[in-house]
Amino acid sequence: MKDVPFASIEHSVPFRRRLLALLVMAVCLTPGITQSQSIELTSPQQRATEFGAEVDAFVSALGLHVEKFAVRINRCQHTDVIDDSGKYYIWVGAQLVAPQSDATEMLAKLHSDWMESDWVIHRYRTMAEGGINLAARHQETQHLYALDSGFEAGPERYIVGTFSTPCLIADVGSFSYGEVKDWRDD
252 MKDVPFASIE HSVPFRRRLL ALLVMAVCLT PGITQSQSIE LTSPQQRATE
302 FGAEVDAFVS ALGLHVEKFA VRINRCQHTD VIDDSGKYYI WVGAQLVAPQ
352 SDATEMLAKL HSDWMESDWV IHRYRTMAEG GINLAARHQE TQHLYALDSG
402 FEAGPERYIV GTFSTPCLIA DVGSFSYGEV KDWRDD
């Protein structure tokens, strides 16, 4: 099989549809805030650093190589609170490579591991063209992880992941939404 550069799949229609579906699912599954919930006050930059490091460690533990990795502070969309200023969640998007060309096997094993631990599976589906679409939420942290493989270019090599925290409330008066360029603590 001829290796196709991962960047070229970004322009294919099936890739865009599947990425859009992952993004919509991540937004829809991002929990909202109600007035009865107690939410930890925290610095968005600090939370971005912590969650970016958590996802980076997860990806490394799976043995995946990172081609692209972005950390963002996003505005919560589903709030029941009238004043939503200072409410945010951290989102991480990653384009990943399974160096052993075993993406489907890797995601199937991850699904099995998550079924036996504190994860609630929201989606587990084998795609018609190969690959797996997996989304789950950790019960304790409420972090949502969604991973998708089976792309036309390198169906067993490439994985796209989106990861998000629940909605949080900033402990600072002013902060910026958007990409966090300096999320690494080193």
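Going letter by letter, the sequence shown gives residues 252 to 437 in this note's numbering. Every residue, glycine too, gets a C-beta built ideally from N, C-alpha and C.
Distance, Cα to Cα, alanine 359 vs isoleucine 383?
8 Å
From which residue to which residue does the alpha helix (DSSP H) around valine 303 run?
Looking at the sequence provided, one finds glycine at residue 303 rather than valine. First-last of the alpha helix (DSSP H) with glycine 303: 295-313.
Buried/exposed call for alanine 404, threshold 16 Cβ in 10 Å:
buried
By DSSP, does lysine 360 sit in helix, in strand, or in coil?
DSSP places lysine 360 in helix when its eight states are reduced to three.
If you count every other CB in all the chains shown that lies within 10 Å of the CB of serine 363, and 16 or more means buried, which is it?
Serine 363 should be labelled exposed.
If you check the beta carbons only, do arginine 323 and tryptophan 342 fall under 7 Å apart?
yes
Could you work out which residue in Glu367, Trp365 and Ser311 is closest to leucine 347 when comparing CA atoms only?
Ranking Glu367, Trp365 and Ser311 by Cα distance to leucine 347 puts Ser311 first.
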